[in-house]
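Step one of this worksheet: look at the structure below.
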Amino acid sequence: MVKAAHIIMDSETLHMSRLRSVDCAAENTLHKQINRLQCQSSVASLMERNGCLEPKDIGVVGMPNSDTRGSHDETIQPATVYESTTDGNISNLRTEIVADGSAGFPREHQEGEPYKCQRQNNDRSLQDIFELQELFDDEDDDDSDWEPSQNGIISKKWFCTNCIMPNFEDVLHCDVCGEYKESEIVRHGFFASHFARGVNTHSESEELVTYQAHVGTSTRETALGNCTAVGFDERMLLHSEGEMKSHPHPERPDRLRAIIASLATAGIFPGKCFPIPAREITQDELLKVHSLEHIKSVELTSSMMSSYFTPDTYANEHSAHAARLAAGLCADLASEIMSGHAKNGFALVRPPGHHAGITQAMGFCLHNNAAVAVLAARVAGAKKVLIVDWDVHHGNGTQEIFDGDRSVLYISLHRHEEGRFYPGTGAADEVGIMGAEGYSVNVPWKCGGVGDDDYVFAFQHIVLPIASEFSPDLIVISAGFDAARGDPLGGCDVTPAGFGQMTNMLSGLCHGKLLVILEGGYNLRSISTSVTAVIKVLLGESSGCQMGGIVPSKQGLRTVMEVLKVQVKFWPILESSYNSLLPQWEALSFRAKNIQLNLARMLAARSKRG
Ligand code: Q9C
Ligand code: ZN
């Protein structure tokens with residue numbers, strides 16, 4: 342049997358090598374470009390309509406000289422912009438590009454100063470498109486991919502496989518992420534979608550059989566002992582939005598396909614990690630997290646081809662099953678780690694879970710996988726569990742489930758924008774309730790564009806001190822990769838090395854008992870490279886790169902100070918962090934005030950003159 346698994350892997354390796362040659366070139370190109378056009382004018386205009394952005398801030402952010410796509414240099418194709426008019430029609434409004442790499446960076450201080458400028462939060466692209474979804478969908482179905490353009494010429498649009506942003510027929514590379522129109526990102530390898538797959542040598546069902554054989558072999562014949570376990574089941578790919586909307590849903594089956602293909606190419610899975618077979622979570626297990634009413638409402642979707650909990654939380658007839666498998670995998674991974682059968686683990690699951698609360702499905706989430714895992718860990722002997730949630734959105738569901746529970750510490754870092762970013766919860770002063778104050782720790786970023794340094798800085802000064810003090814028996818990471826560079830929803834800037842670094846920092850606690858659970862993350866290349874980086878740390882193959890010289894952005898330092906101020910009441914150990922950062926912070930806010938003061942004086946003098 343072991344031999345058989347080897348043969349399967351070899352044929353897979355061969356199979357994947359085609360993908361590798363295609364992808365490496367694209368990967369290099371893409372990584373340089375990924376940020377380049379993130380703040381496209383189409384996005385900016387939508388934001389502007391919503392009153393989120395000053396027109397002057399519209400710009401192209403990134404590296405104008407890094408275009409490796411072809412011979413053309415800074416010539417940036419104008420993106421066409423749609424805006425819904427009051428009568429519900431979609432009309433083309435404007436075409437505006439500032440081909441200047443510095444545009445969009447608000448410059449509060451001079452070059453060379455220690456605080457990095459943050460990208461303007463003008464990249465909530467998809468979110469805005471979603472808010473307009475109903476308007477888009479009012480259009481006649483047959484016309485859904487046809488949009489009028491400024492000069493009356495009709496052009497057909499296509500959606501980027503990698504980042505799902507809309508593009509015009511005549512461009513060959515995605516305007517937002519640079520992915521090739523006919524991208525083969527999920528074309529080959531395990532579970533490539535029927536849709537994306539052209540001519541292929543062997544069928545998907547053959548691959549399923551070989552994959553299942555491999556799962557069976559390794560789990561039966563190998564002791565997991567010191568290994569990294571991976572939970573995956575192809576039946577979770579069946580959860581998809583049945584209705585063809587005018588825009589593809591970001592939480593799509595290809596997310597898992599892309600990750601699986603990357604891991605296979607790297608020889609990590611199958612290869613170095615051990616597969617955990619999926620099982621469905623039981624109703625009794627779910628009842629420890631969710632209300633019966635919620636469980637029933639999810640089950641009810643099995644009899645419907647298409648249903649919705651919220652406008653963006655869909656289900657098809659397979660969704661409830663997929664959600665039970667996702668939760669079951671998380672529960673089993675937690676028990677395997679607690680029992681010592683596995684060193685650590687990664688749950689490659691969907692639908693995601695952290696927005697699902699006691700009584701409701703929302704934010705693409707049906708059952709709360711992380712919460713289910715915590716309860717399974719408890720059954721397996723864990724007294725205290727730490728949940729670190731680095732999905733770009735606040736895990737309102739997880740926080741609600743454990744709000745009054747001192748045995749579960751929930752720490753979340755998320756884009757918040759004073760409650761304007763989805764789901765709106767997770768302010769620094771949400772600390773837990775009913776005697777469990779201090780057992781919810783929220784790190785709410787004030788804007789988008791947050792990158793590695795701010796995350797690592799917050800880990801150094803908040804997450805690690807509190808986590809060591811708490812001394813958990815297990816750490817569950819609610820690992821969304823939508824804070825990743827290139828994500829269409831998150832608009833942040835965390836790199837694979839950043840995710841690796843955070844994983845590495847946590848692996849020093851509780852003897853490395855770490856369960857990583859996939860939450861969000863919608864750019865296929867970003868999530869694939871990020872998951873790979875995290876698993877390499879879990880495998881002990883990488884220590885997550887350099888650590889020195891972490892310089893937070895101004896907003897990052899401000900958020901960290903705010904959180905320290907709130908949490909120091911519950912975690913006295915934070916006092917030293919707070920005191921050591923105070924001079925840095927005061928100097929910074931003093932300088933900012935001075936700039937403001939000087940500006941005010943200048944303006945006053947000017948108005949006096951004229
Ligand atoms: N106007 C996860 O990343 N966007 N969920 C809603 C409503 C929902 C994200 C916009 C984003 C949910 C798991
Ligand atoms: Zn998210």
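Residue numbers (the numbering used here): 342 to 951. By construction, the Cβ of each residue, glycine as well, lies at the ideal position given by its N, Cα and C atoms.
In this structure, ILE526 lies near ARG866, with their beta-carbon atoms less than 8 Å apart. Within 7 Å of the C-beta of PRO693 there is at least one heavy atom belonging to the ligand Q9C. Secondary structure of TRP926 (DSSP, three-state): helix. Counting along the chain, HIS659 sits inside no beta strand (DSSP E), nor does DSSP assign it H or E at all. Bridge partners of MET703 according to DSSP: CYS706. Taking every protein chain shown into account, the CB of HIS852 has fewer than 16 other CB atoms within 10 angstroms, so this residue is exposed. Non-local beta-carbon contacts of ILE816 in its own chain, meaning distances under 8 Å to residues more than five positions away in sequence, involve VAL726, LEU727, ILE728, VAL729, ALA808, LEU847, LEU850, CYS851, LYS854, LEU855 and LEU856 in chain order. Taking 8 Å as the upper bound for CB-CB distance, CYS706 and GLY738 are in contact here, some 6 Å apart. In the three-state scheme derived from DSSP, where H, G and I count as helix and E and B as strand, THR502 is classed as coil. Relative to the ligand Q9C, the beta carbon of TYR763 is positioned inside 7 Å of a heavy atom. For the pair HIS734 and THR836, the Cα-to-Cα distance works out to about 17 Å. Approximately 7 Å separates the beta-carbon atoms of ALA825 and ILE868; this is inside 8 Å, confirming the contact. The beta strand (DSSP E) runs lying completely inside the segment 735-761 and spanning 3 residues or more are 749-756, given in chain order.
Taking each of GLY583, PHE687, SER643 and CYS501 in turn and checking the Cα distance to ALA619, the smallest one comes out for PHE687. In this structure, the alpha-carbon of THR900 lies about 15 Å from that of ASP793. In the DSSP annotation of this structure, the continuous segment of the beta strand (DSSP E) that includes PHE509 starts and ends at 507-509.
In the structure shown, GLY572 adopts extended strand secondary structure according to DSSP, grouped into three states.
Around the C-beta of ILE742, 16 or more other C-beta atoms lie within 10 Å, and the residue is accordingly described as buried.
Of the residues assessed, GLN937 falls on the exposed side of the cut-off, its CB having fewer than 16 other CB atoms within 10 angstroms. The beta carbon of VAL784 sits no closer than 7 Å to any heavy atom of the ligand ZN.
Scanning the segment 628-690 for uninterrupted alpha helix (DSSP H) segments of 4 residues or longer gives 633-641 and 660-680, listed from N- to C-terminal end. Under the three-state reduction of DSSP, PRO785 is assigned to strand.
SER869 is not bridged by DSSP to any residue. PHE573 is a Cβ neighbour of PRO616, given a cutoff of 8 Å. Taking C-beta atoms as the reference points, PHE822 and SER871 count as a pair closer than 8 Å. Per DSSP, VAL901 is one residue of the alpha helix (DSSP H) stretching across 895-908.
A direct Cα-to-Cα measurement between GLN740 and TRP731 gives close to 13 Å. When DSSP states are grouped into helix, strand and coil, ALA825 belongs to the strand group. At a Cβ-Cβ threshold of 8 Å, LEU750 and ALA714 do not count as neighbours. Between the ligand ZN and GLY767, a heavy atom-to-CB distance of less than 7 Å is absent. Between ILE752 and VAL791, the gap from beta carbon to beta carbon reaches 8 Å or more.
In this structure, GLN624 is the residue among GLN624, ASP653 and HIS802 with its C-alpha nearest to the C-alpha of ALA664. A Cβ-Cβ contact shorter than 8 Å links MET646 with GLY583. Comparing alpha-carbon positions, the option among ILE622, PRO652, CYS833 and SER918 lying closest to GLU640 turns out to be ILE622. Taking non-hydrogen atoms of the ligand ZN into account, the C-beta of GLY853 is found less than 7 Å away from none of them.
Membership of PRO616 in any alpha helix (DSSP H) is not indicated; the residue belongs instead to the beta strand (DSSP E) covering 615-617.
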